[in-house]
Structures are given as C-alpha cells and as structure tokens.
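As you go down the protein sequences, you meet chains A and B in turn. Residue 147 in our numbering sits at position 147 of the first sequence, and the numbers go up by one each step. Take any residue in the second sequence, note its place counting from 1, add 1000, and you have its number in our numbering. Okay, structure first, notes after.
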Amino acid sequence: MTFVIPAWNNLHNVSRELNTMFLTDINTPTNTGTKNGGSLPISDLSSEWDNDDPGATSFLRGVGYQFQALQDTWNVSVDTKLLVWGSQFNAPNRIQVNSLATGGKRMRIYSGTGSMPTNYKEYYLGGNDTPMGDASKGNVPFVIDLNDTSNEAGSGFVNTAVTSYAILTYNLNMGGGANSSNWNYENKLLILDTTKTSSSTATFSGAGSDINDAAVKVQGTDYTTKIGNWVRQIGSVYFIDVGFRIGDASTATTFDDEGVTVISPSSNDPTDPRNRLTTQACRVYIYLRDNVLDTADFSGTWIWGTRAPFDFGQSDNAEITLSGPTFTGMGDFEIGSSVDGNATFDDVGLVTMDSTASLDGSAFNNPYGSYLLTIGG
Amino acid sequence: MATMTLTDMTFSNYAAKTALEITTAGTYTFDNCIWDQSGSYDIETSHSSGLVTIVLSNGSTGLVNGDVNNTGGGTFVIENNVTLEVTGVATGSEPTNYVRCFIALVSDDTVLMNEEADASAGGGLYKATEDYNYEGDVAVYVRARYQGFLPFETTGTVTSAGLSVTAVWQLDPNYNL
C-alpha cells in the first residue's frame, strides 16, 4: 500500500549555478550556495540565496531554472501539470519580505526559450502578512497549476510552450538590523500530472491502501523521511493539496478511505494565496484493474475547495462501494456501473450515473450545476 | 431504450433548478424517492425521441405532469401507481363467492376500481385492491355489496398515498325475511 509520486523534477541540493537546470539570476541575489539542513528531509542540502540590502530600499531578486533539459516545452493547454514546492526561510530576522500586496514572495512561470525568457506569469504567493512569510514556519507548501491564470503580473505567457520558472522575493527592512534580508532555501521541486492515465499523477496503489499512505509518504515516519508539507494530517482529517488517482489499472489495489475526512484546498485564497489551482488540478480518478479483486470503499467526508471533477466512472468487474460518504464542493461526478451504494452529494457538480450503476439510498442536495442528477446514458 | 430503477433517493434544495435529468428514452422507476419540490421542475426529459415512462411507486412523492419539463423531441408519461383498497369485507363463502368493491369519481362516475375482495385481510376478512395512476387528488365514492349484508357506501379522496377504506360491514337483518 503506497502513495506513488514521480521522481523529483529538481532536487535543488546544489548551489544554484551548479544546478544543471539553472538559467540565470534575477537582479543578483547574494550569498548563493548550499545549506545544511535546509531541505526536507533535514539531512539533505538545499540551495540557498539571499535578497539582502541595507536601509529601507526594497529590491526584487530571485533565481530562474528550466523544467527540462534543453528548455524542452510542456503543452498544458489540454491537461495541466502541478508545480508542488515549498518555501523555506532562515531565522525570523532573515524573513524580511514585503507584504502580499507588493509580492513579498513570488513565483514566475515562463514560456519560450532564452537565458531567462521574457514571457511569464507572476504569482504573488505571500508576504510578511500571510503564513508564507509571517514567521519561521519551516517549509510552507504551495501548489501552482501551470495553466492557472490568476497571476498578478506578467505578460506574453503561452500555455503551449512552458519551459521555466523562477522563485523571487521582494524584500523589506522590517527591523533587526541595518539590512533587510531574506534568506531562501530551495527544497525539492515536484511536478505532478493531473490525468487519469499518467504515471506521473499521484497514485494510491496496492493492497490495503488508504488516505494515510499519502501522509506517510510526504510527512514521513520521522524527520529523516519527511519530504514536504503538501499532505498534512490532524487526527482523522487529511489535507491533500493535489489531485490523485486510486489505482493505476495495473497493480492489484484495494482502497478504503476508512471514514476519514479529506480536504482539498481552494485556489487563490485572498488571505493565503499560496495555491493557484484550476478545476483540473485536484481531479480524483478511480482507475482500478478490471478485476473483482480490485476494490475502493468510501465512507468518509470529502470536502473540495475547487470544482474539480471526480471520475468514479469505472464500469467493469472492479467494485466501488459507497457506504454513506459525503461529497461536497467538487465538480461533476461520474458514476459507473462498478459503483454500488449510497452517498450524500451536497453542493457538487452534475452527478451522471450509468444506467446499471446503483446509488440507491443516496441524497442529492443543493446542486452546483443545473441538475442534481442525470440518468439515462 | 434504458430501464432503470432508483430506490430510496432524496432530492432537495434545488431552487430555480431541476432535480433530475433523463436523457434517454426508456422506463425509469422511482421506488420511495422523494423530491422536496423546491425547484422549477423536479424532472427534465431531454431525450431527442421516443417515450420516457416515469413510474413512481412505494411512497415516491406524487409528481404530476406539471412537475416535468420536457425539453427534448420525445414524449413522457407518468405512471404514479398508488393503491386503491377496500378492506374489511367478507361473504362468508370465500373462495366460492367474494364481495364486489367499487370506487368511482364523484365528478363523472368514472370507474377506478371494480374488483372482487379476493385477498385475505386477516381475521377472516378480505380486501380488494387496484393500482391507480395518480395525477392529482380526486374525490371518489366507495361501495361494497353482497347479498345478505347492508350495502356499504362512503366517500373519500385519492391522494398521492392512494386510498384505503375499511368497510363498515354488517349483516342485513332483513335478508330473507
């Protein structure tokens, strides 16, 4: 039972100029190098750079990288990809970034080629007045859907030729010395797909799989195995900041949500806009083998912050059992003939039910779309 | 042609919207399904051709034609089967002879049920039943007759729950005098 993710896009464990994907500095960050204990797990090195200036002057600085060798492009116009990263600073006197409104912590996504391409979209992800920069919080996760268009700045970006990214800060002298300094540690970067059939989509797999597999994968079993914070757990409540699939249609898989609560984030929350998500970002698929031994059981509460569709459209020998789960907030819900049982669908998109599926005993409430349920197909 | 049975479902809080869309001709049975009727329509039939038969049974709320929005090129019909019942009668000579039970519309005497009470109701008494396609509350009169017993007649209303009448069943003291 595992939560499978692809290999890291970039480990960011060397000084930025030694990183094979390094493109260029943006306005000369200083003190570049590596930091012991700056990554996750803490045993790994992180790349580091400083945006440091005397007095009250604010500067925008950062570092740019390409996603792929030779600046190969991604076309995300049909199916998006997710940039899953974490922002980490040094001690509180080294987190002197400007406010959210002025773009204290920023990400850019670029299209086109060049030493630093000129076509980009820029996201203001946080500042000294949001969780990303208000304290020494360690690794603060964020997810950027490469097809999201809620960026605050930038121009010319095209989603058919995505090549590069940059991480930047806009500093502010917040006291604690003559200089305004923010010291940035770049943790490992992950790129996830969001489609049903891609092996680079996060996947619950294997016998006895459950939501906790994701928490174990990301939070680790102790500080030596923690790799990020984009999956979090508080008791029986799990926060998962990306989409995923259950099964890969190849590995024998039995999944049970064990009655827990699963929460997916909203996009561009005005008080904490770290996550920028289209309705493709947090899609959920069931993708079991055509085999009666492959099962997925649901009894928990699934609360979604974006209208990502849920694909439970499997119609073969796999068995998907609904034992009273509650689904709320997501987009359209496809129900195939492998599904049997009852659920509450509250404020979801259109539920489309195969003519041989069974949702007997289900409650449909407060439709997001034009109908609660569509049948007949 | 599709055939589906949906059981024990509830549809609620769909103000200004429609609860359920049916996209393909066929027969759709709703067994104990409840619409709170809070929306513009309870069902939309968007099929392009053919007939959609909506069968409502076992406590499904009494949808009528006006609750269905037919937006496709096909047609629809509602079969809202409720049960008409007259019970508590007996000839004393079942199964050779049965009491005749009769239900008709007050408005125009249309006969809704004309059946023998040939099903046991327990305690030596019998009942007559008939399925009826509910299309709205209607006023009816009910009669049960058999020689040797006082004729039973009453009135009632067929609702979305049907109608069940227990006859006041008495021997005729003047029979064969």
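Think of the CB as a built atom: it goes at the ideal place given N, C-alpha and C, for glycine as much as any other residue. Only a predicted model underlies this, so the values are computations on that prediction, with no experimental measurement involved.
Where does A/I246 land, buried or exposed, given buried means 16+ other C-beta within 10 angstroms?
In the first sequence, residue 246 of chain A corresponds to position 246, counting from 1. With 16 or more Cβ atoms within 10 Å of its Cβ, A/I246 is classed as buried.
Give the residues of chain A in contact with B/E1079, contact being defined as C-beta atoms less than 7 angstroms apart.
As a first step, residue 1079 of chain B is located in the second sequence; it is residue number 79 there, counting from the start. Here the premise fails: no neighbours, minimum Cβ distance about 17 angstroms.
Is the separation between the beta-carbon of B/T1071 and that of B/H1047 shorter than 7 angstroms?
Looking up residue 1071 of chain B in the second sequence gives position 71. Looking up residue 1047 of chain B in the second sequence gives position 47. Against a cut-off of 7 angstroms, the Cβ pair of B/H1047 and B/T1071 comes out as no contact.
Between B/V1142 and A/S362, what straight-line distance do the alpha-carbon atoms span, to the nearest angstrom?
Along the second sequence, one-based indexing puts residue 1142 of chain B at 142. Along the first sequence, one-based indexing puts residue 362 of chain A at 362. One C-alpha to the other measures close to 39 angstroms.
Compare the C-beta of B/A1016 with all C-beta atoms of chain A and state if any pair is closer than 7 angstroms.
Residue mapping note: residue 1016 of chain B aligns to position 16 of the second sequence, counting from 1. Chain A contact via Cβ: absent.
What residues match up with A/P141 in a beta bridge as DSSP calls it?
Counting from one through the first sequence, the residue named residue 141 of chain A turns up at place 141. In the DSSP output, where bridge partners are listed per residue, A/P141 has A/G86.
Can you grab the Cα-Cα spacing for the pair A/T197 / B/T1157, in whole Å?
To locate residue 197 of chain A, count along the first sequence from 1; it is residue 197. To locate residue 1157 of chain B, count along the second sequence from 1; it is residue 157. Taking the straight line from one Cα to the other gives about 59 angstroms.
Listing by chain order, which chain B residues have their CB less than 7 angstroms from the CB of A/P367?
By one-based count along the first sequence, residue 367 of chain A stands at place 367. Correct list: Y1014 and K1017.
Assuming A/L260 contacts A/A202 (C-beta within less than 8 angstroms), just tell me the rounded distance between them.
Here the question's residue 260 of chain A lines up with position 260 in the first sequence. Here the question's residue 202 of chain A lines up with position 202 in the first sequence. Sequence inspection shows Val at residue 260 of chain A; the Leu mentioned does not correspond to that position. Incorrect: roughly 17 angstroms between the Cβ atoms, too far for contact.
Would a C-beta distance cut-off of 7 angstroms place A/V339 and A/A357 closer than the cut-off?
Here residue 339 of chain A refers to the residue found at position 339 of the first sequence. Here residue 357 of chain A refers to the residue found at position 357 of the first sequence. Taking 7 angstroms as the Cβ cut-off, A/V339 and A/A357 qualify as a contacting pair.
So A/S355 contacts chain B; which residues on that side make the cut at Cβ distance below 9 angstroms?
On the first sequence, residue 355 of chain A is found 355 positions in, with the first residue counted as 1. Per Cβ cutoff of 9 angstroms: A1002, T1003, M1004, T1024 and G1026.
Grab the span of the beta strand (DSSP E) containing B/A1167 for me, first residue to last.
Sequence index remark: in the second sequence, residue 1167 of chain B carries index 167 (1-based). That residue, B/A1167, is in no beta strand (DSSP E); it is neither H nor E in DSSP.
Provide the residue span of the alpha helix (DSSP H) that contains A/Q219, from first to last.
Looking up residue 219 of chain A in the first sequence gives position 219. Segment N212 to Q219, the alpha helix (DSSP H) holding A/Q219.
Check the Cβ-Cβ distances between B/T1007 and every residue of chain A, and say whether any is below 7 angstroms.
Taking the first residue of the second sequence as 1, we reach residue 1007 of chain B at position 7. B/T1007 counts as touching chain A.
If the criterion is Cβ atoms closer than 7 angstroms, does the pair A/L23 and A/Q68 meet it?
Taking the first residue of the first sequence as position 1, residue 23 of chain A is located at position 23. Taking the first residue of the first sequence as position 1, residue 68 of chain A is located at position 68. No; because the gap between Cβ atoms is not below 7 angstroms, this pair is not in contact.
I want to verify the contact list: residues of chain B whose CB lies under 8 angstroms from the CB of A/G361, in sequence order.
To locate residue 361 of chain A, count along the first sequence from 1; it is residue 361. T1007, D1008 and M1009, listed in chain order.
Quick one: using the 10 Å Cβ neighbour count with 16 as the cut-off for buried, is A/I234 buried or exposed?
Position 234 of the first sequence, counted from the first residue, corresponds to residue 234 of chain A. Flag for A/I234 reads exposed.
Going by Cα to Cα distance, which pick from B/V1165, B/L1171, B/N1174 and B/M1001 is closest to B/G1074?
For this step, residue 1074 of chain B is matched to residue 74 along the second sequence. Checked all of B/V1165, B/L1171, B/N1174 and B/M1001; the closest Cα to B/G1074 is B/M1001.
Excluding sequence positions up to five away, which residues of its chain have a Cβ less than 6 angstroms from the Cβ of B/G1030?
Translated into the one-based positions of the second sequence, residue 1030 of chain B becomes position 30. According to the sequence provided, residue 1030 of chain B is Phe. The question's Gly does not apply to it. Here the set comprises L1006, L1056 and S1060.
On the DSSP bridge list, what partners appear for B/C1101?
By one-based count along the second sequence, residue 1101 of chain B stands at place 101. Paired residue(s): B/E1115 and B/A1144.
Are there 16 or more other CB atoms within 10 angstroms of the CB of A/D50, so buried, or fewer, so exposed?
Residue 50 of chain A sits at position 50 when you count from the first residue of the first sequence. Buried, because 16 or more other Cβ atoms sit within 10 Å of the Cβ of A/D50.
Please name the residue, chosen from B/G1162, B/D1109, B/V1138 and B/M1004, that lies closest to B/E1130 on a Cα-to-Cα basis.
Residue numbering aside, residue 1130 of chain B sits at position 130 when the second sequence is read from its first letter. It is B/G1162 whose Cα lies nearest to the Cα of B/E1130.
Please list the segments of the beta strand (DSSP E) lying wholly inside the region 273 to 320 of chain A, counting only runs of 3 or more residues, in order along the chain.
With a minimum length of 3 residues, the continuous beta strand (DSSP E) runs that stay inside the region 273 to 320 of chain A are 284 to 286, 295 to 298, 301 to 303 and 310 to 312.
To test your reading of the DSSP string, which unbroken beta strand (DSSP E) runs of 3 or more residues are found completely within the region 42 to 76 of chain A?
Correct list: 46 to 54 and 60 to 66.
Are the C-beta of A/I303 and some C-beta of chain B separated by less than 7 angstroms?
By one-based count along the first sequence, residue 303 of chain A stands at place 303. No - not a single Cβ of chain B is within 7 angstroms of the one on A/I303.
For A/G324 and A/G300, what's the separation of their Cα atoms in angstroms?
Here residue 324 of chain A refers to the residue found at position 324 when the first sequence is read from its first residue. Here residue 300 of chain A refers to the residue found at position 300 when the first sequence is read from its first residue. Roughly 8 angstroms separates the two Cα atoms.
Determine, using beta-carbon pairs with one atom in the region 282 to 298 of chain A and one in the region 218 to 226 of chain A, whether at least three such pairs fall under 8 angstroms.
With the cut-off at 8 angstroms, the region 282 to 298 of chain A and the region 218 to 226 of chain A do not touch.
For A/S111, is the classification buried or exposed, using 16 other Cβ atoms within 10 angstroms of its Cβ as the cut-off for buried?
What you label residue 111 of chain A is simply residue 111 of the first sequence in a count that begins at 1. Burial call: buried.
Per DSSP, what kind of secondary structure is B/N1065 in: helix, strand or coil?
By 1-based counting over the second sequence, the position of residue 1065 of chain B is 65. Helix.
Beta carbon of A/L82, beta carbon of A/T130: below 7 angstroms?
For the purposes of this step, residue 82 of chain A is taken as the residue at position 82 of the first sequence. For the purposes of this step, residue 130 of chain A is taken as the residue at position 130 of the first sequence. Not in contact: A/L82 and A/T130 (Cβ atoms no closer than 7 angstroms).
From the beta carbon of B/E1115, is the nearest beta carbon of chain D less than 7 angstroms away?
Given the protein chain composition of this structure (A and B), no chain D is represented.
If you follow the beta strand (DSSP E) that A/Q96 is part of, which residue opens it and which one closes it?
Walking along the first sequence from the start, residue 96 of chain A turns up at place 96. It is not in any beta strand (DSSP E) - A/Q96 carries neither H nor E in the DSSP assignment.
Please return the same chain residues whose Cβ sits closer than 7 angstroms to the Cβ of A/M132, not counting the five positions on each side in sequence.
Taking the first residue of the first sequence as 1, we reach residue 132 of chain A at position 132. So the list reads S87, K105, L125, G126, V140 and R274, once near-sequence residues are dropped.
So what does A/E17 bridge to, in DSSP terms?
Translated into positions along the first sequence, residue 17 of chain A becomes position 17. Answer by DSSP bridge pairing: none, since A/E17 is not bridged.
For the structure I just gave you, are there three or more beta carbon pairs, one from the region 139 to 153 of chain A and one from the region 4 to 21 of chain A, closer than 8 angstroms?
Contact between the region 139 to 153 of chain A and the region 4 to 21 of chain A is absent, because fewer than three Cβ pairs lie under 8 angstroms.
Suppose you measure from the CA of A/L190 to the CA of A/V4; what does that come to, to the nearest Å?
Residue numbering aside, residue 190 of chain A sits at position 190 when the first sequence is read from its first letter. Residue numbering aside, residue 4 of chain A sits at position 4 when the first sequence is read from its first letter. So the two alpha carbons sit approximately 12 angstroms from each other.
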